[in-house]
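Structure, as structure tokens:
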RNA sequence: CGGGGUGUGGCGCAGUUGGUAGCGCGCUUGCUUUGGGAGCAAGAAGCCCCCAGUUCGAGUCUGGGCACCCCGACCA
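Numbering (our numbering), first residue to last: 236 to 808.
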């Protein structure tokens, strides 16, 4: 490509809307443009990068035995109603009507569509296993798009779905995807880590997320530097011991205007760990108490797992009053019958505890969980905090912010049962497909590469995803020796199958250097009259600024040498 | 959905006590320049987010919308 003909609208100044480096640099380098909140146009330079990422994903998916297909982004409501997610997705799903007023969804994900395909065409265990994937635009009406291309309402996802005859088969399919993801992110030059994760709305028996550490990340992960344990805080556990308090009589104490844990502790002179936070939720229309220790925070994703339903919310102050006869800050399950109680594991066997008396301005002390509260289930409900001992090895945990790049799920039979995607097994019995689903956010991959690989001048692309591998900065005007040499190098390198951008614009050298650095093209060839007088051109690496002066006829070989080092690394992650 | 902020040439911004708009970058033309975002000169380009209202007169004041950004809530 000749830069003089290219559409690469670079900007000298940072656009006001961008906070993150990757967002700023994508805008400044002319990769993307925002159309409206959470919706971006992908301009030629950006699209080339996304295509490179997609090609790496494609190669590794194919290598892992998955087959690419392409599903509709538009799907009728009925199929979503079959799985129940027409309602579960709520406002996050974009919905449209056709001319006959029939409801459609712009798909936020494709489990239902793939399962529908599978049930129509997969009839026998002989057809299994299968793994189908696509790279497709997903629509999600995020309540708050942000951080450029990281959280958007319209994005490209590689989503793959495996279909197996049993759990053992799923384990194999899942592992293949897990390995493929390692290769994909390694080839993209990303430093990442893997965490155990929550399955959320997807359902299923287990999942892991591929994460990139970043202060701008929206996920928090607990990581153990000692043993390598890593988990999203949504599911992270620790080996925290609860202090034991002496058995005591259940006593009502006056606590005027003392509502918060801090106020009550200060007033009664007890540690926060001696309190029980009694949180009232409404789950599927029914009140539920969720209990955690006073110094703990409730983890709502763990609550979701414990409840087995995503349809819950904190009770309103009015509901609290109606159900407990007291206001928020003075409630507990003690003495209230007929309401389901879930308690955190840290409260198991606890005694001598303090919580609300269900009477305004009063608390109860001496609560013994076993004696005074009918706990239906003890479950892990608390949020892990930094410095707590690792669940595996006991060493202190670190909590780090991270961006989720990919997610692998063992779905099991949730969708195949809901949509009746059955096959006939070897013994003649009909069984639901055992499924897995595996996603990668394409734009996020590119954004994370920039986050991890840039400097003050701009992006530093790894060769594997660079929009062009080489930029020739032709420093003299047309008709000069520089132009002649540039032109011939341009042709020669393209014949050698390099992707080359020839900067033949009528601009001064400094201007071209700035643009070359900003756009992050890994190798720049400076063709200037100055060095040509010595019969040389300069090859400059973006990454480390290293310069090689070579004769024009040596350029191709030198670049082949430089690129082979990076394109075929000896060490795989 | 709660809190905060911003809407003025393509981009970044200024705009006084209300008097129909300016700066830098970019763009066009010409001359000079040519190894890290050049200089000079001459130009083009703005429904001042929208709708009402106050006023002789509104970018500016009042009311109501809308959009976008940030923090939180939310989020495979």
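Where a beta carbon is used, it is the ideal one built from N, C-alpha and C, also for glycine.
Based on DSSP bridge pairs, tell me the residues matched to residue 613.
578
Check the DSSP bridge columns for residue 444 and list the partner residues they point to.
430 and 642
Just to check my reading of the structure: residue 767 and residue 720 have Cβ atoms closer than 8 Å, yes? What is that Cβ distance to the nearest angstrom?
6 Å
Once DSSP output is grouped into helix, strand and coil, what is the label at residue 367?
strand
Under the three-state DSSP convention, the category residue 769 falls into:
coil
Note the first and the last residue of the continuous beta strand (DSSP E) segment covering residue 314.
Looking at the DSSP string, residue 314 is not in any beta strand (DSSP E); the run it does join, the alpha helix (DSSP H), is 312-318.
By the 10 Å Cβ neighbour count, where 16 or more other Cβ atoms means buried, how is residue 540 classified, buried or exposed?
buried
Can you name the start and end residues of the beta strand (DSSP E) that residue 341 belongs to?
338-341
Nearest-angstrom beta carbon gap, residue 432 and residue 625 [assumed within contact, 8 Å]
Actually they do not touch by this definition, with Cβ atoms about 17 Å apart.
Looking at the secondary structure, which residues open and close the alpha helix (DSSP H) in which residue 291 lies?
279-298
What is the DSSP secondary structure of residue 806, reduced to helix, strand or coil?
Reliability of the predicted coordinates at residue 806 is poor, the pLDDT of 48 falling under 50, and no value is obtained from them.
Where does the unbroken beta strand (DSSP E) through residue 393 begin, and where does it stop?
389-399
Apart from the five residues on each side of it in sequence, which residues of its chain come closer than 8 Å, Cβ to Cβ, to residue 317?
347, 653 and 654
Does the segment 789-803 come close enough to the segment 724-733 to have 3 or more Cβ pairs within less than 8 Å?
yes
Beta-carbon proximity list for residue 293, same chain, < 6 Å, skipping 5 on both sides
none
Does DSSP classify residue 329 as helix, strand or coil?
strand
Could you tell me which residues DSSP pairs with residue 756 in its beta bridges?
DSSP output for residue 756 lists no bridge partner at all.
Classify residue 526 as buried or exposed, calling it buried when 16 or more other Cβ atoms lie within 10 Å of its own Cβ.
buried
Considering only residues of the same chain and omitting the five flanking positions on each side of residue 302, which have a CB-CB separation below 6 Å?
367
Per the DSSP calculation, residue 698 is bridged to which residue(s)?
DSSP output for residue 698 lists no bridge partner at all.
Contact under 7 Å by Cβ, residue 576 with residue 611:
yes
Would you list the residues sitting across from residue 633 in a DSSP beta bridge?
458
Sort 785, 757 and 755 by Cα distance to residue 769 and report the nearest one.
785
Do three or more CB pairs link the segment 443-452 to the segment 637-649 at distances below 8 Å?
yes
Taking residue 714 as the reference, give the member of 724, 739 and 732 with the closest Cα.
739
What residue from 311, 299 and 635 has the CA that sits closest to residue 416's CA?
299
Provide the residue span of the beta strand (DSSP E) that contains residue 657, from first to last.
657-659
Assigned secondary structure, residue 302 (DSSP; H/G/I helix, E/B strand, else coil)
strand
Would you report the Cα separation of residue 424 and residue 684, rounded to the nearest angstrom?
7 Å
Check whether the Cβ atoms of residue 537 and residue 454 sit closer than 7 Å, and answer yes or no.
no
Residue 517: first and last residue of the uninterrupted beta strand (DSSP E) it sits in
511-518
Top-ranked residue by Cα proximity to residue 589, from 595, 604 and 583
604
What are the boundary residues of the alpha helix (DSSP H) that includes residue 607?
604-607
Confirm, please, whether the CB-CB distance from residue 519 to residue 546 is below 7 Å.
yes
Under 8 Å Cβ to Cβ from residue 523, same chain only, skipping five residues before and after it: list those, please.
515, 516, 517, 542, 547, 574, 575, 576 and 577
Run through DSSP, which three-state label would residue 473 get?
strand
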